[in-house]
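Q:
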Amino acid sequence: MSFNKILIRWYSNNKRHLPWRETTDPYKIWLSEIILQQTQVKQGLPYYEAFIKSFPSVFDLAKADENTVLKLWQGLGYYSRARNLHSAAKYVVNELNGVFPSNYKDLLKLKGVGDYTASAIASICFNENTAVVDGNVYRVLSRYFGISTPINTTKGVKEFKTLAQRVMDTRQPADYNQAIMEFGAIQCTPKNPDCSVCPFNNSCVALQKNVINELPVKLKAAKPKKKYFNFLVFISEDGKILLEKRVGKGIWQNLYQFPLIETPKKITLKRFESLVKEHPKLKNQSFELRLYNEEPIIHKLSHQHLHTTFYIVSVETLDNGIPKEKINAYPVPILIGNFIETFNFN
DNA sequence: AACTCGGGGGA
DNA sequence: TCCCCAGAGTT
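Every position in the first sequence, counted from 1, becomes a number in this note's numbering once 31 is added.
1) Take the Cβ of Val-278 as the centre, count every other Cβ of all protein chains shown within 10 Å, and call the residue buried at 16 or more, exposed below.
2) Identify, in the order they occur along the chain, each residue of the same chain with its Cβ nearer than 6 Å to the Cβ of Glu-97, setting aside the five sequence neighbours on each side.
3) Would you kindly work out how many angstroms separate the C-alpha atoms of Gly-368 and Asn-359, rounded to a whole number?
4) Could you tell me which whole beta strand (DSSP E) segments of length 3 or greater appear in the region 244-326?
5) Just list the alpha helix (DSSP H) runs in the region 154-206, keeping only unbroken ones of 4 residues or longer that don't cross its boundaries, in chain order.
6) Is the beta carbon of Leu-101 closer than 8 Å to that of Pro-362?
7) Look at the alpha carbon of Lys-331 and the alpha carbon of Leu-337, and state the distance between them as a whole number of angstroms.
8) Within 10 Å of its beta-carbon, does Asn-261 have 16 or more other beta-carbons around it, so buried, or fewer, so exposed?
9) Cα separation between Asn-160 and Pro-77?
10) Which of helix, strand or coil does DSSP assign to Val-344?
11) Quick one: Cα of Phe-176 to Cα of Thr-184, how far?
12) In three-state terms, what does DSSP make of Leu-107?
13) Answer with buried or exposed for Arg-174, where buried requires no fewer than 16 other C-beta atoms within 10 angstroms of its C-beta.
14) Do Tyr-207 and Leu-49 have their C-beta atoms within less than 8 Å of each other?
15) Would you tell me roughly how many angstroms separate the C-alpha atoms of Ile-329 and Leu-366, rounded to the nearest one?
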């Protein structure tokens, strides 16, 4: 039996029952694919359910505030996905009368939809013969065919896309694409796959050459840079606090945080206190500064390690402060969210 | 082509 | 620790 037939048979016997597999509604498939970018099914599933509940259609999503969308996305990371999701929803509603693009080429025009996602939606919803290439596909193809071209190079990307398209089943694109991804997630796992029960254990090149754990080949990423974040948690006597929106480039765009002072390295409380005295909010009133966490919290991102210290700043009054009861309405990075959960604002 | 963008989980 | 996860956009 052929490679793709075996995959599709394996899929019909082993697939998980997931909510987005009960539909071919392009809105729901699109939403699921955006959520699942660089995200495991287990982590993304509750977010998918919450989004469908809050925004049953693309019209509901399009008319929401960005803050509401980001709040629902809070904790999932890669927040540009949420901003682009919202932007694309407005585009579909306002420019396309709410009708989703129905082919690969037009799907690519949606913000946040790249080669993978356009291929996934086109095949699953519209039966278009476009092969997906995600992390699972790289792993399955590199092992089965014994290909050691690094997957995170231009050459590798082109080579695997071409191969994926060539071996794809031409009559069942929806099932085939989902089959090879599911196979990578369940059977052909990154570490220690159980090849003894694999339907390809008599034809897999990597298994025959005993190089399963060497494939796929991936060039190493640079080491993350250290940054030093000092958050000022202002609290006024009448129970108001201060949040600011992150604008411009960098992480957490359009999310909220406490006023931040970034320093080149770890700073002592004494030096920080003299620095804080110059803060605009503190020019005209006395304040009390209290160190919240003695040991910095190290929040690890893909390319940065954030050495984080929170300072409680008690003041008399706060212009533009928000009532502390309303703090949970704002989308915040999980680093801030964890602090809010732990800290007692009474 | 290299870099940036999160957070969780497995070994 | 290091690597991976149904990748995309920017520089």
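Cβ coordinates follow ideal geometry from the N, Cα and C atoms, glycine included.
A: If we stick to the structure as given:
1) The C-beta of Val-278 has fewer than 16 other C-beta atoms within 10 Å across all chains shown, which makes the residue exposed.
2) Only His-117 meet the Cβ criterion.
3) Computed Cα separation, rounded: 9 Å.
4) Counting only runs of 3 or more, we get 256-267, 291-294 and 319-322.
5) Listed in chain order, the complete alpha helix (DSSP H) runs (minimum 4 residues) inside the region 154-206 are 166-176 and 185-198.
6) Taking 8 Å as the Cβ cut-off, Pro-362 and Leu-101 qualify as a contacting pair.
7) In a straight line, the C-alpha of Lys-331 is about 6 Å away from that of Leu-337.
8) Label assigned to Asn-261: buried.
9) Within the model, the alpha-carbon separation for Asn-160 versus Pro-77 is close to 30 Å.
10) Val-344 falls in the strand class under three-state DSSP.
11) Approximately 18 Å, taken between the alpha carbons.
12) DSSP places Leu-107 in the coil class of the three-state scheme, outside both helix and strand.
13) It counts as buried.
14) Their beta carbons are not under 8 Å apart, which means Tyr-207 does not touch Leu-49 by this criterion.
15) When only Cα atoms are considered, Ile-329 and Leu-366 end up about 9 Å apart.
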